[in-house]
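Read the structure below first, then the notes.
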Amino acid sequence: MSSAALPHRSLSLAEPAAGAQSAAPAAEAHVLDAQALQDILRTLPAAVTVLDERGEFLIVNDAAARMNVAAHPLAGPGTATNSAIEHRRVEGLALLAAGRTSNGEEQIGHGPTARTFLTAHRPVEIGSRRLLLSSSFDITEQKAVEDKLFRRAYFDELTGLPNRSVIERRADTLLRRDDSASRFALAFLDIDNFKHINDYYGHAVGDALLVGVAKRLGLELRDTDMLSRISGDEFLLLLNPIQSPDEVADHIDFLLQRLKAPFYIDGTEVFASASTGISLYPEHGRSFDTLRQNADIAMYRVKSATKGAAAMFDVAMEREALERMAIEQALRQAILDKRFCCAFQPKVDIRTREIKGIEALVRLRDDDGVIQAPGTFVDLAVELGLIDELTHLVLAEITKSIDLIDGAFGPDASISINVAAKQAGNVAFMQSFTAALAATGFPSRFVVEVTEDAFVAKSHFQSEILPLLRRIGVGISIDDFGIGYSSLSALADITADEIKIDRSFITDIHKRPRSQGILKAIESLSEALGMTVIAEGLETFEELAYLQAATKIRYAQGYYFSKPIFLEELKPAVHSVGGGRPRPLGRETEPARMSVPRSNAGRM
């Protein structure tokens, strides 16, 4: 509706006093003023209306007409054309009757076409007439920006869940009551192996999985509970109120079971689980940070043990966390002090007892000079992002001691260095590491050992990173094969020179028909693909005898032939080993053979 039809009478609300003299120029000026006012009103960006006591709109400018909230000035109270107009009329008459002003937001329309306005109403008296002056500004875009900023500040963009600041504020509200009788629980959930899922299936599937997890958990929430996503694969769940620890444990177990049902994402069946730590108020803390930290500690205990389960915080966990922090600090200091050292374990031809190569294993000397097993620090070094520096330290130690190494193992023995899957997928690190290998002057002596996960999960590993190593003659070995995410069929797509069968298949192989079948399958496929097979973790004569009699495997590595030997133990030796007793690769007084744990955790 256009305001061009506005009658001049609606703009000349005050009449001249009776008997007043009006010269022609004054009358003309009055008309011009009215016309000017009409033009001004028409072009104002604000929607302006004037309503009288009978419900007639006396003034409606262009912006108000576009809003469709006011009828034509000549339309009476019974001619409203939509609910918005009638609402403005009814509201205006009520304000006039009460003599009240009003300021606030109003929404016109519904759905995607709805607009938001900031509207002010003010009753005035002009002459003997009581009128309502109204003005409205369209703030739809401003509100959209504000809403977006609000959601970004307080809600997770991917899942729509409240973020950490919101759940912290909710917890603080409960804590301010300082009522020990009002108990609540805080559960810290971390999706297990999410990085592997993300790398294997892609980020789109990973994101969809997070959304699915949020929806499943949200189905079981009470109005007084709150679920929050606080980082990539981490969620916080506030349960309020609670009656007992057992009630909380049962509810969390129920939620974890729900998560274990498969998620169907773009035709792909994805399985997930979550490790969960629980803290209770007031038993485990009286501040949000303390409760969250203790729930995190409990979650870490689960993560490092069974995964996919839940644990309630206790004081013993806190002591473990403090010990872990001490190890972390010691690890950082050890790197600065260069207290890491290398030990070497030979790979032996089980038919001729000749040494084919050696694997460089990193060890840490503590403050008392005692050697620490890699399980205490290698995984932590990966987690803390210190593993890159550690790997370069190993290479530097090998380069510095190459003459001693050659004297003990022979100049033709290959030298294997372990690279973590996380490193193998890092193009920048692998470029710098490849350059360091080339700088040794003998890069073709080296073999890089990576776990099968690096081939399967890092799609760019074979296309971008392997060529870097191949160009300088570095060999590739698949380490710990059989315990990762790949299958035998995946071997056909892997380009490697060597495959090391995990010790879990070699231990007591002569007594385990199932492992024998798996071993033969790996052996046959590897032979067809031109890969050399090495059996890891060989410890007994019976295991050796089975490999010699029942397989074509040529090479093995383990304590049966030799424990890892430190640099200071090396001396020139015959480059072969005897059956069951290490030749003089180390000191003349040979240390007794040691049994080793069957876990592969932390090996490097």
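Count along the sequence shown starting at 1, add 1, and that's the number in the numbering used here. Ideal placement from N, C-alpha and C gives every residue a C-beta, glycine not left out.
{"Query": "One or two residues paired with P263 in a DSSP bridge", "Result": "Partner(s): none; P263 has no beta bridge."}
{"Query": "Start and end residues, alpha helix (DSSP H) containing E524", "Result": "P514 to A529"}
{"Query": "Rounded C-alpha distance that separates A72 from A48", "Result": "Note that A72 has pLDDT 47, beneath the 50 cutoff, so the model's placement of it is unreliable and the number below is only indicative. Distance between the alpha carbons of A72 and A48 is about 13 Å."}
{"Query": "Cβ-based burial, N104 [other Cβ within 10 Å; buried from 16]", "Result": "exposed"}
{"Query": "Best match in D251, T174, C342 and L548 for proximity to A310 [C-alpha to C-alpha]", "Result": "D251"}
{"Query": "Pairwise C-alpha distance: R340 and D367", "Result": "8 Å"}
{"Query": "E235, DSSP secondary structure in three states", "Result": "strand"}
{"Query": "Same chain, Cβ closer than 7 Å to A209, five either side skipped, listed in chain order", "Result": "I266"}
{"Query": "Minimum Cβ-Cβ distance from L539 to chain C less than 8 Å", "Result": "Looking for chain C here will not work: only one protein chain is present."}
{"Query": "T277 - DSSP class collapsed to helix/strand/coil", "Result": "strand"}
{"Query": "Under the three-state DSSP convention, the category D503 falls into", "Result": "coil"}
{"Query": "Coarse secondary structure for E270, derived from DSSP in three states", "Result": "strand"}
{"Query": "The region 470-485 touching the region 439-448, judged by at least three CB pairs closer than 8 Å", "Result": "yes"}
{"Query": "With 16 other Cβ atoms within 10 Å as the buried cut-off, status of H111", "Result": "exposed"}
{"Query": "Among E248, F345 and A382, the one whose alpha carbon lies nearest that of Q558", "Result": "F345"}
{"Query": "CB contact flag (A607, D193, <8 Å)", "Result": "Missing from the structure shown is residue 607; the chain here goes from 2 to 605 and no further."}
{"Query": "Residues that DSSP places opposite G105 in a beta bridge", "Result": "T120"}
{"Query": "E106 versus F118 - alpha carbon distance", "Result": "6 Å"}
{"Query": "Beta-bridge pairing of E126 - partner residues as DSSP gives them", "Result": "R131"}
{"Query": "The alpha helix (DSSP H) enclosing I495, as first and last residue numbers", "Result": "Premise fails: I495 is in no alpha helix (DSSP H) and is neither H nor E."}
{"Query": "Close Cβ partners of F378 (< 6 Å) along its chain, the five nearest in sequence each way excluded", "Result": "L332 and L365"}
{"Query": "Range covered by the beta strand (DSSP E) that runs through I535", "Result": "T533 to E537"}
{"Query": "Cβ neighbours of D53 in the same chain (closer than 7 Å, five flanking residues each side left out)", "Result": "L59, R130 and L132"}
{"Query": "Rounded separation between A382 and I418 - CA only", "Result": "16 Å"}
{"Query": "8 Å Cβ cutoff met for S527 and P347", "Result": "no"}
{"Query": "Secondary structure of G309, DSSP reduced to three states", "Result": "coil"}
{"Query": "Cβ neighbours of F156 in the same chain (closer than 8 Å, five flanking residues each side left out)", "Result": "L162, P163, N164 and V167"}
{"Query": "Short Cβ contact (8 Å threshold) for V371 with V271", "Result": "no"}
{"Query": "Backbone CA spacing between R513 and D481 [nearest angstrom]", "Result": "19 Å"}
{"Query": "Cβ-based neighbour list, D297, same chain, cut-off 7 Å, excluding 5 preceding and 5 following", "Result": "F189 and G278"}
{"Query": "Distance between D503 and E537 (C-alpha atoms, nearest Å)", "Result": "6 Å"}
{"Query": "Residues of its chain near E321, where Cβ-Cβ distance is below 8 Å and the 5 sequence neighbours each way are ignored", "Result": "I298 and R302"}
{"Query": "Residue(s) in a DSSP beta bridge with L52", "Result": "F58 and L133"}
{"Query": "Whole alpha helix (DSSP H) elements within the region 355-410, 4-residue minimum", "Result": "379-385, 388-401 and 403-410"}
{"Query": "Alpha-carbon spacing of L394 relative to Y561, whole angstroms", "Result": "28 Å"}
{"Query": "Three-way DSSP call (helix, strand, coil) for N241 in this model", "Result": "coil"}
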